[in-house]
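**Q** Per our numbering, residue 80 is the first one in the sequence shown, and the count goes up by one each step.
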Amino acid sequence: MLAGTVYGVVLNDRDERARLAEVFAAPPYKAPPEAPVVYIKPRNCFARSGAEVFIGDEDVEVAATLGLLIGRDAARTAAADALAHVAGVCLALDVTVPHESYYRPVVPLRCRDGFLPLGDFAAFAPSILTTEIVTSVDGNSVHRWAPTRLVRDAATLIADLSAFMTLAAGDVLLIGLPYDAPCVRAGQSVTVTSGSLPTLKAQFNAGDAW
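Here it is in structure tokens:
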């Protein structure tokens with residue numbers, strides 16, 4: 080069981096930022112975000128690889144990403160030193176009910192029970208930050224992306240976050256989500272792979288989603 084807090088970041092996909100440029104120029108935003116847009120996945124969301132995730136009768140978005148395990152506290156850390164604070168890495172599947180707006184908190188859509196399956200942690204190597212992440216549904220590859228698409232790479236993200244909050248040892252940072260992540264429905268299974276990282280699997284079934 081994780082000892083710390085899991086932090087996620089939205090709007091860190093360069094392709095998504097370009098797609099939303101006109102939206103950000105209009106009210107209520109009036110400008111694109113300047114700082115990282117952070118959210119928390121509470122402990123009720125945590126699930127192990129192979130877990131059964133209950134989602135009711137609605138489709139959910141399954142965004143595969145990397146979770147970086149912070150090994151020692153990062154506070155006001157320079158980007159050049161940021162990755163030295165990372166002790167491990169895992170595959171993560173950030174599940175949410177699809178929604179368009181980021182203006183108001185979306186806790187009921189993003190933070191339901193089991194809405195963060197996590198793979199086993201492996202030793203961190205910087206090369207994983209350029210390796211393609213592949214999502215398969217029912218055995219068929221449906222989505223591919225690499226963290227090279229991020230507006231802030233992992234080191235910059237850690238540095239920018241640690242400028243106003245401490246990332247404590249034991250915390251996990253989800254580095255960003257692909258805007259074009261696939262959706263699944265009850266009865267489907269998801270498998271996520273990336274390089275030599277331990278495979279992440281989840282089974283989505285109908286039932287109470289929280």
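For glycine and all other residues, C-beta sits at the position ideal for the given N, C-alpha and C.
Whole angstroms is fine: what's the gap from isoleucine 134's alpha carbon to valine 165's?
**A** 32 Å
**Q** Is it the case that the Cβ atoms of valine 213 and valine 271 are separated by a distance below 9 Å?
**A** yes
**Q** Identify the residues that DSSP records as bridge partners of isoleucine 237: which are they?
**A** Beta-bridge pairing links isoleucine 237 to no other residue.
**Q** Could you give the residue range of the beta strand (DSSP E) that holds proline 196?
**A** 195 to 197
**Q** Counting C-beta neighbours from all protein chains within 10 Å, is the total for lysine 120 16 or more, i.e. buried, or is it exposed?
**A** buried
**Q** For glutamate 137 and phenylalanine 200, I'd like the C-alpha separation in whole angstroms.
**A** Straight-line Cα distance between these residues: approximately 30 Å.
**Q** Sorted by chain position, which residues of the same chain lie with C-beta nearer than 6 Å to alanine 171's C-beta, five sequence neighbours on each side aside?
**A** Thr144, Gly146, Leu197, Leu253
**Q** Give the straight-line distance between the Cα atoms of threonine 278 and alanine 158, rounded to the nearest whole angstrom.
**A** Roughly 29 Å between the two C-alpha positions.
**Q** Opposite asparagine 123 in the DSSP bridges: which residues?
**A** According to DSSP, which records beta bridges pairwise, asparagine 123 is partnered with nothing at all.
**Q** Near phenylalanine 125, what residues of its chain come up, given a Cβ to Cβ distance below 6 Å and the 5 sequence neighbours on each side ignored?
**A** Leu195
**Q** Under DSSP, the beta strand (DSSP E) around leucine 145 begins and ends at which residues?
**A** 139 to 149
**Q** Could you give the distance in angstroms between the alpha-carbon of alanine 265 and the alpha-carbon of valine 132?
**A** 9 Å
**Q** Let me know if glutamate 140 comes out buried or exposed under the rule of 16 or more other beta-carbons within 10 Å of its beta-carbon.
**A** buried
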